[in-house]
Amino acid sequence: MEEKLKVDKARVERCLTAADSIADGIAGHIEANTTISVERSVLRLLGIDGVDAGGVPLPNVVADTLHREGLLDRGAFYWIANAAAETGRSPQEIASGMAEGTLPVTTFPRRSWQELDKVVEPLLEEGLNRLRRSRRERSELQERFPPGPRPWLYVIVATGNIYEDVVQARAAALQGADIIAVIRTTAQSLLDYIPYGPTTEGFGGTYATQENFRIMRQALDEAGEQTGRYIQLVNYCSGLCMPEIAVTGGMERLDMMLNDSMYGILFRDINMKRTFVDQDFSRTVNAYTGIIINTGEDNYLTTADAVEEAHTVLASQFINRELARRSGMPLSLMGLGHAFEINPDKEDGLLYEIAGAQLIRQIFPDCPIKYMPPTKYKTGNIFKSHLQDGLFNLTGVLTGQSIQLLGMLTEAVHTPFLQDRALSIENAKYIFNNARHLADEITYKPDGIIQRRSEEILAQAADQLEEIAREGLMPSLSRGVFANIARPVDGGKGAGGVIPKGPEYRNPFKETMRKELGHE
Amino acid sequence: MNNPHGNEVRPYGDTLNDGKVQMSFTLPVPASPEAAEAARELARKMGLEEPEVCSFRDLGEAFSFYILYGRCTHGVDISRIHVAKVDTETLNFYEINGLIEKELDRKIRVVGACTGSDAHTVGLDAIMNMKGYAGEYGLERYPWFETWNMGSQVPNEVMIRKAVEVGADALLVSQVVTQKEVHIHNLTELVELLEAEGLRDRFLLVVGGPRISHELALELGYDAGFGPSTLPVDVASYIAQTLAKRSRP
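Just so you know, the sequences run in chain order R and L.
At the far end of the first sequence sits residue 869, using the numbering used here, and the numbering has no gaps.
At the far end of the second sequence sits residue 330, using the numbering used here, and the numbering has no gaps.
In structure tokens form, the structure reads like this:
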């Protein structure tokens, strides 16, 4: 592809090197620890689902029991395998027995991993097969119903009621949406469990539950047949249940998940030691199930200034990219995020937006870049808002963005009405179609505003990355390098769920997934 | 101008008192000439004369969208309307700091939080953070304010505890994302908790957010409410002047 902006390769190289050393700095921590939610996701992969008499999800019952007794340092898989060898029961039966208090799993004679080989193998295969099956289904369906051209049109439904969401989502697909995200109810990210079953009550969104995933998946598959385009489903792999949500999303064939290595730390005040371990396994699972992740750098610009802090987005993308790579994720699944959030009153603001978007596009040519719409300077003037979204859409198609989350004219007024979504899809379709090949006609003036701005962002990002590399990622985050938000290393929620691995620790799912992904 | 309707005000299109309004809505039926006629009929029932559907389209899933124009037949006498407004004057950064220094001679302590389930700090940050919003510094930057921004999803109890602990003068509550009126319950709960603990009069209680008005705030038992397009100076001016006034003998 012809280079539209001149990008200094040496500077990009500096960024990559610094990101590598940043990731090195936390690799030891990630390797040495597991978390309660990683172990719950292992239990889910073993087929444990459902709730106990008090409504507590069985993966929580089992993991909490083991954690209380200080036994998770061997990994949850061990205890289920050991109990299966002892009793011949299935993991689900073992979990139910533990919930009823009739199965003293931790008192059974402790076999070695080697002795458990014959039990581990089929449990492992069965768990992985479920994920492989949904990945295969996706390929088959996408062959029959190819997704539409990029930028893909991404819209959100957020009624709180999964059945109402289905109606809205199907309508959006018929109107031309390629991707449907079911936004989560506010505060779900701080729940240390995944709620169970279909739900009809939520605030500003709908609970992410496995059953809700299934209901929406089925509706979108039907919409896909109707429209001849495979409709992609998105949910949020963030918060205290990152890896578990990755597992349930993989089982129910979600296609994209918001998954950022630092979002929970910055924006939900989740403990960073917990998050770094959680994000690693969640991304291995996402990669294994062929799910495109969306990183959350756009959020930096809603908190901090979009012009002054543009380089922090790029710096963070390099970090997200490197951490995802180390979890076994190919570039083609890394939807690095950014946003169109410059103050609309700024003279030449559009040129600055183009500079940022084009730069990111060129630096990460193999990644499906996720572009977020203006929100911060939306005021309730729906007419101006619709125009802001128009400029955003024009920038998206001009700079070859991959995933375009459509702005809503009623941003800052209410969660989208059916008609709001229809109007925003109409806006995007009009502009994408009308300017489809505009990018092919354009190169940027060597000394122009856009070229110079892009150089400035890249230079600042390289400097920042090198500084973080020198200082270490955790100390840097505690100093507030991103989004002007500082988080103490040992503060935040969920710190109690970090567990140092013992010498007998194993997570056979992770081992096999990484092997198959070509990362051992 | 000679207005045949006296003090009554009506929408203006291009001729005084033509009453022209635009509106749009979705109907839960497929698009059809009958559905468009139903849209017109609805507009008539809403008090519009000569309603015209200028555009309509099918939205799928048995929904359709209508854009209409019509003439509003009602008028309102504006002289009879009273709106509760924050009545302090908006001062600038230097005037506010100067006022606090002169009249209180101590820093004003402000605790801010997005309470309840709300995870959106954009409004609170715009008012409190160093950087502020639209070129106006946030309260953190004011030398005569001392601030604690507790961030998102703060339970009301935790906010109150913090306010007591630091000896706050004012509480800033932000509510951005809401559905099914959850923000009202949440805001009411804070007031009830403060009253139950006998702390209500100790703090200036201020709420802000896109769906907040001063009138609503007063109704809920707050001292002031700030809606969309509020700047940090507006809030700072209010707090400084109100506390200064209260401190005068």
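Where is the CB? At the ideal position from N, CA and C, for every residue including glycine.
What did DSSP end up calling residue i once you bin it into helix, strand or coil?
i	result
Thr383 (chain R)	strand
Asp158 (chain L)	strand
Asp398 (chain R)	coil
Asp541 (chain R)	coil
Asp139 (chain L)	strand
Met82 (chain L)	The predicted position of Met82 (chain L) is uncertain, since its pLDDT is 44 and thus under 50; a value taken from the coordinates is nonetheless stated next. Coil.
Tyr303 (chain L)	coil
Ile614 (chain R)	helix
Pro592 (chain R)	helix
Arg785 (chain R)	coil
Thr107 (chain L)	strand
His378 (chain R)	helix
Leu452 (chain R)	coil
Phe144 (chain L)	strand
Val333 (chain L)	Lying outside 82 to 330, the shown extent of chain L, residue 333 (chain L) is not represented and no answer is given.
Pro496 (chain R)	coil
Met721 (chain R)	strand
Ser825 (chain R)	helix
Ile848 (chain R)	strand
To the nearest angstrom, report how far apart residue i and residue j are at their CA atoms.
i	j	result
His295 (chain L)	Ile774 (chain R)	36 Å
Asn83 (chain L)	Ala655 (chain R)	Caution is warranted here: a pLDDT of 46 is assigned to Asn83 (chain L), below 50, making its placement in the model unreliable, and no coordinate value can be reported.
Tyr726 (chain R)	Val314 (chain L)	18 Å
Val746 (chain R)	Tyr779 (chain R)	11 Å
Ser113 (chain L)	Gln524 (chain R)	17 Å
Thr534 (chain R)	Gly551 (chain R)	5 Å
Arg519 (chain R)	Tyr427 (chain R)	43 Å
Glu118 (chain L)	Pro132 (chain L)	10 Å
Lys859 (chain R)	Thr633 (chain R)	7 Å
Met683 (chain R)	Arg674 (chain R)	9 Å
Trp229 (chain L)	Thr652 (chain R)	17 Å
Asn88 (chain L)	Asp158 (chain L)	5 Å
Leu420 (chain R)	Ala636 (chain R)	29 Å
Ala69 (chain L)	Met862 (chain R)	Examination of residue 69 (chain L) is not possible in this model, given that chain L is present from 82 through 330 alone.
Leu685 (chain R)	Ala425 (chain R)	32 Å
Ala317 (chain L)	Asp282 (chain L)	19 Å
Arg481 (chain R)	Thr638 (chain R)	7 Å
Asn173 (chain L)	Gly179 (chain L)	10 Å
Glu238 (chain L)	Val245 (chain L)	11 Å
Asn648 (chain R)	Ala207 (chain L)	14 Å
Pro837 (chain R)	Leu615 (chain R)	10 Å
Note down, in chain order, every chain L residue with its Cβ under 8 Å from the Cβ of residue i.
i	result
Val516 (chain R)	Glu142
Gly729 (chain R)	Pro291 and Pro309
Leu539 (chain R)	Gln234
Closest to residue i by C-alpha separation, out of the options, would be which residue?
i	options	result
Thr894 (chain R)	R:Ala520, R:Met621, R:Leu452 and R:Met605	Residue 894 (chain R) lies beyond the range of chain R shown here (350 to 869); nothing can be said about it.
Phe284 (chain L)	L:Val263, L:Tyr303, L:Glu270 and L:Tyr218	L:Tyr303
His416 (chain R)	R:Lys859, R:Glu853, R:Asn856 and R:Ile848	R:Ile848
Gln800 (chain R)	R:Phe766, R:Ala811 and R:Tyr701	R:Tyr701
Ala143 (chain L)	L:Leu108, L:Val272 and L:Val235	L:Leu108
Asn608 (chain R)	R:Thr624, R:Ala412, R:Gly851 and R:Gly404	R:Thr624
Met606 (chain R)	R:Phe616, R:Arg617 and R:Glu593	R:Glu593
Asn510 (chain R)	R:Pro471, R:Thr558 and R:Arg499	R:Thr558
Ser827 (chain R)	R:Glu816, R:Lys467, R:Asp527 and R:Gly840	R:Gly840
Phe630 (chain R)	R:Glu388, R:Arg785 and R:Leu685	R:Glu388
Asn855 (chain R)	R:His735, R:Leu473 and R:Val596	Asn is not the amino acid found at residue 855 (chain R); the sequence shown has Arg there. Closest by alpha carbon: R:Leu473.
Tyr556 (chain R)	R:Ala568, R:Asn584 and R:Gln567	R:Asn584
Cβ closer than 9 Å: which chain L residues qualify as neighbours of residue i?
i	result
Asp618 (chain R)	Gly232, Ser233 and Gln234
Asn833 (chain R)	Asp206, Asn210, Met211 and Lys212
Gln524 (chain R)	Leu140 and Gly141
Using 9 Å as the threshold, is the C-beta distance between residue i and residue j below it?
i	j	result
Thr196 (chain L)	Leu268 (chain L)	yes
Ser587 (chain R)	Ser538 (chain R)	yes
Leu502 (chain R)	Phe781 (chain R)	yes
Tyr720 (chain R)	Leu680 (chain R)	no
Gln322 (chain L)	Ile293 (chain L)	no
Ile564 (chain R)	Val515 (chain R)	yes
Gln666 (chain R)	His687 (chain R)	yes
Along chain R, in chain order, which residues have C-beta atoms closer than 8 Å to that of residue i?
i	result
Asp315 (chain L)	Correct list: empty, because the minimum Cβ distance to chain R is about 15 Å.
Val263 (chain L)	Phe552
Ala105 (chain L)	Correcting the residue identity first, residue 105 (chain L) is Ser in this sequence and not Ala. Gln768, listed in chain order.
Determine the chain R residues that contact residue i at a beta-carbon separation under 9 Å, and present them in chain order.
i	result
Val203 (chain L)	Thr651, Thr652, Thr724 and Lys725
Phe146 (chain L)	Leu767, Gln768, Ala771 and Leu772
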